[in-house]
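Numbered per the numbering used here, the sequence shown spans residues 211 to 288.
One structure is given here, and the rest of the page talks about it.
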Amino acid sequence: MITTSSLSGGDRLLSDTQPQSLVYKGYLIIPRYSRAWWWARVIDPHGNEVKGQGEGHACQEQAISYAKGLIDGRSPWL
Numbered sequence: 211m212i213t214t215s216s217l218s219g220g221d222r223l224l225s226d227t228q229p230q231s232l233v234y235k236g237y238l239i240i241p242r243y244s245r246a247w248w249w250a251r252v253i254d255p256h257g258n259e260v261k262g263q264g265e266g267h268a269c270q271e272q273a274i275s276y277a278k279g280l281i282d283g284r285s286p287w288l
């Protein structure tokens with residue numbers, strides 16, 4: 211378990227398996243899991259969701275890599 215502090219002063223526990231959002235070049239990447247597939251939402255610095263073509267990756271790392279490719283221009287945008 212990972213312990214983090216909350217704004218209210220209490221601690222909350224997160225399991226090691228919960229997907230964690232991350233910031234990459236000013237974009238927010240939010241990994242998600244559903245029905246055996248991973249995907250990642252990408253939010254630009256203005257708060258708009260960035261749309262990509264493919265969704266459904268075998269693992270979280272692939273979904274994050276695809277999201278970073280969208281940001282870097284290596285993956286196709288919708």
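Glycine included, C-beta positions come from ideal geometry on N, C-alpha and C.
These numbers were taken from a predicted model, which means no experiment stands behind them.
Ala273 sits in a helix when the DSSP states are folded into three classes. Secondary structure at Gly262: strand, using DSSP grouped into helix, strand and coil.
Taking Cys269 as reference, the option from Trp247, Lys235, Gly236 with the minimal CA-CA separation is Trp247. Secondary structure note for Arg245: it is in no beta strand (DSSP E), with a DSSP letter that is neither H nor E. Under DSSP, Arg251 takes part in a beta bridge, and its partners are Ile240.
Leu232 is bridged by DSSP to Ile239.
The beta carbons of Ile240 and Ile253 sit closer together than 9 Å.
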